Amino acid sequence: MAAGAGYCHGVAPRSAFAPHRHLVGIADLDAAAIGVVLDLADRYQAIAAEPVKKLATLRGKTVINLFFENSTRTRTSFEIAAKRLSADAVNISPSSSSAAKGETLLDTAKNLDAMGPDVVVVRHAMGGAPHLLARTLRCAVVNAGDGQHEHPTQALLDAATMRRHKGGIDGLEVAIVGDLAHSRVARSNLLCLTKLGARVRLCAPWTLIPPGLTELGGEVTRTRSRVTTRLEDALDGADVVMMLRVQHERTSGEAPRFANPREFSRTYGLSARTLKFAKPDAIVMHPGPINRGVELAPDVADSGRAVILEQVSWGVAVRMAVLELLAGDAAA
Ligand code: ASP
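Using our numbering, you'd call the opening residue of the sequence shown number 0 and step up by one each time.
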């Protein structure tokens, strides 16, 4: 049986997540632990359709969102997730914190920890920042994106969306196209999807493919992923097409990796024409924010093939699941 083949809806034993006190990367999770999160997210997604969405699960608990990088979806959905579980949610951004006065990340985090939160959700430009906090703080730490390293809850919500549309992940052919060099979403998805038994085609110009990408998760990733520079090759027969934005904020001062956005769009952008290479029922995904007309044509982004807003809605359910697993009574 493939790595994740046993973990369809509702069958992952909850104890499989028990060893985890933090969520810093998909690298630390096995297929069973990922299955626990996805099964719980299914339950929370159903609750999102109820007229009253609030549960008492985390009553009396505190979740601090400590975001040192911009965020629309991730920060808002962590806040909504915490509030739907009745936790108190506190948002902190660098401009309003003492980081602007020269305080180090670790000092800021230790001071917040001294106030007794149950979870700190952290986003930081430095890869490894959540790992540092997890080693130091008493509370649980969740990685909401660390530099170009990992974005574990994005990969989990992407897996939940795929599972909903395709019935499971095992055996899926997934194309991930775009700025692989700077994308934490690509790394976390590569790890998550291959652990769950999918095959991943990674597509970008050579200048945006980091060396060793397919080695990231050892044998499982190596045997279940491949790299191509041809969009048609990546899309051919794909069940899922995931498009990634060029991460300009991570390339300042670097030599340009491609001629210009128009040329990038012509060669690597997903349009109604190029989507025809994928399976007729292939879904189109994007972690957001979309750069319309660059990696994704507006008519495809707005078409029935795109499940981008569903990804956003799964983001709340998945983050509720993660917060419950780390701070709920069963986690104590
Ligand atoms: N929102 C995702 C991230 O934080 C993807 C992106 O920014 O392009 O990594």
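We put the beta carbon where it would ideally sit given N, CA and C, even for glycine.
Since we're looking at a predicted model, the values are computed, not measured.
Using DSSP bridges, identify the partner residues of Met242. Against the sequence shown, residue 242 aligns to sequence position 243. According to DSSP, which records beta bridges pairwise, Met242 is partnered with Val176.
If you reduce the DSSP assignment to three classes, tell me which class Asn110 lands in. Locating residue 110 in the sequence shown gives position 111, where the first residue counts as 1. Here Asn110 sits in helix by DSSP.
Same chain only: Cβ atoms within 7 Å of Leu207, ignoring 5 sequence neighbours per side: As a first step, residue 207 is located in the sequence shown; it is residue number 208 there, counting from the start. So the qualifying residues of the chain are Asp178, Leu179, Ala180 and Arg256.
On the DSSP bridge assignment, give the partners of Leu65 in chain order. Taking the sequence shown and counting its residues from 1, one reaches residue 65 at position 66. Residue pairing from DSSP places Leu65 in a beta bridge opposite Ile91 and Val121.
Can we count Val293 as close to the ligand ASP, meaning its CB is less than 7 Å from some heavy atom? The sequence position of residue 293 within the sequence shown is 294, counting from 1. Outside the cutoff, so no.
Sequence-distant residues of the same chain with beta carbon closer than 6 Å to Ala1, five excluded per side: The residue labelled residue 1 in the question sits at position 2 within the sequence shown. Unreliable placement is indicated for Ala1, whose pLDDT of 41 sits below 50; the coordinate value is still reported in the next sentence. Asp169 and Gly196, listed in sequence order.
From Ala108 to His150, what does the alpha carbon distance come to, in whole angstroms? Position 109 of the sequence shown holds residue 108. Position 151 of the sequence shown holds residue 150. Taking the straight line from one Cα to the other gives about 19 Å.
Under 8 Å between C-beta atoms of His19 and Ala32: As a first step, residue 19 is located in the sequence shown; it is residue number 20 there, counting from the start. As a first step, residue 32 is located in the sequence shown; it is residue number 33 there, counting from the start. Cβ distance < 8 Å, so His19 and Ala32 count as in contact.
With H, G and I counted as helix, E and B as strand and the rest as coil, what does DSSP make of Leu54? The residue you call residue 54 lines up with position 55 of the sequence shown. In this structure, Leu54 counts as coil in the three-state DSSP scheme.
Checking 8 Å against the spacing of the C-beta atoms, do Lys278 and Ala237 come in under that value? As a first step, residue 278 is located in the sequence shown; it is residue number 279 there, counting from the start. As a first step, residue 237 is located in the sequence shown; it is residue number 238 there, counting from the start. Cβ atoms of Lys278 and Ala237: closer than 8 Å.
Specify the secondary structure class of Gly34 as computed by DSSP and reduced to three states. Walking along the sequence shown from the start, residue 34 turns up at place 35. Helix.
For Ala258, name the three-state secondary structure that DSSP assigns. By one-based count along the sequence shown, residue 258 stands at place 259. Note: Ala258 maps to coil in three-state DSSP.
Taking the alpha-carbon positions, what's the Leu131 to Leu105 distance? Reading the sequence shown from its first residue, position 132 is the one you call residue 131. Reading the sequence shown from its first residue, position 106 is the one you call residue 105. Spanning the alpha carbons of Leu131 and Leu105 requires a straight line of approximately 8 Å.
With DSSP collapsed to three states, give me the class of Thr103. Within the sequence shown, the letter at position 104 stands for residue 103. DSSP places Thr103 outside both helix and strand once states are collapsed to three, so it counts as coil.
Report the rounded CA-to-CA distance for Ser264 versus Leu274, giving the unit in angstroms. Mapped onto the sequence shown, residue 264 falls at position 265. Mapped onto the sequence shown, residue 274 falls at position 275. Roughly 14 Å separates the two Cα atoms.
Mark Gly3 as exposed unless 16 or more other C-beta atoms lie within 10 angstroms of its C-beta, in which case mark it buried. Taking the first residue of the sequence shown as 1, we reach residue 3 at position 4. Confidence at Gly3 is low in this model, with a pLDDT of 42, below 50, so the placement of that residue is unreliable and no value is reported for it.
Determine the direct distance from the alpha carbon of Pro260 to that of Ala17, and round the result to whole angstroms. Position 18 of the sequence shown, counted from the first residue, corresponds to residue 17. Position 261 of the sequence shown, counted from the first residue, corresponds to residue 260. Whole-angstrom Cα-Cα distance: 45 Å.
With distances taken from CA atoms, which of Ala113, Ala47, Val35 and Ser97 is nearest Thr61? For the purposes of this step, residue 61 is taken as residue 62 along the sequence shown, with counting starting at 1. Comparing Cα positions, the closest option is Ala113.
Below 8 Å, can you find three or more Cβ-Cβ pairs linking the segment 31 to 49 to the segment 308 to 318? Judged by Cβ distances under 8 Å, the segment 31 to 49 makes contact with the segment 308 to 318, as three or more pairs qualify.
Assuming Asn64 and Val89 make a contact with CB atoms under 8 Å, what is their CB distance in whole Å? Within the sequence shown, the letter at position 65 stands for residue 64. Within the sequence shown, the letter at position 90 stands for residue 89. Right, the Cβ-Cβ distance comes to about 7 Å (below 8 Å), so this counts as a contact.
So, does the CB of Cys138 fall closer than 8 Å to a CB anywhere in chain C? Chain labels in this structure do not include chain C; a single protein chain is all it has.
Going by the beta-carbon positions, is the gap between Arg249 and Pro288 smaller than 8 Å? Residue numbering aside, residue 249 sits at position 250 when the sequence shown is read from its first letter. Residue numbering aside, residue 288 sits at position 289 when the sequence shown is read from its first letter. Here Arg249 is not near Pro288, since their CB atoms are 8 Å or more apart.
Run of the beta strand (DSSP E) containing Asn290, from where it starts to where it stops: For the purposes of this step, residue 290 is taken as the residue at position 291 of the sequence shown. From DSSP, Asn290 is part of no beta strand (DSSP E); its letter is neither H nor E.
When the distance is taken between beta carbons, is Val176 closer than 8 Å to Leu322? What you label residue 322 is simply residue 323 of the sequence shown in a count that begins at 1. What you label residue 176 is simply residue 177 of the sequence shown in a count that begins at 1. For the pair Leu322 and Val176, the CB atoms are not nearer than the 8 Å cut-off.
Check: His19 C-beta below 7 Å from any heavy atom of the ligand ASP: Position 20 of the sequence shown holds residue 19. No, the beta carbon of His19 sits no closer than 7 Å to any heavy atom of the ligand ASP.
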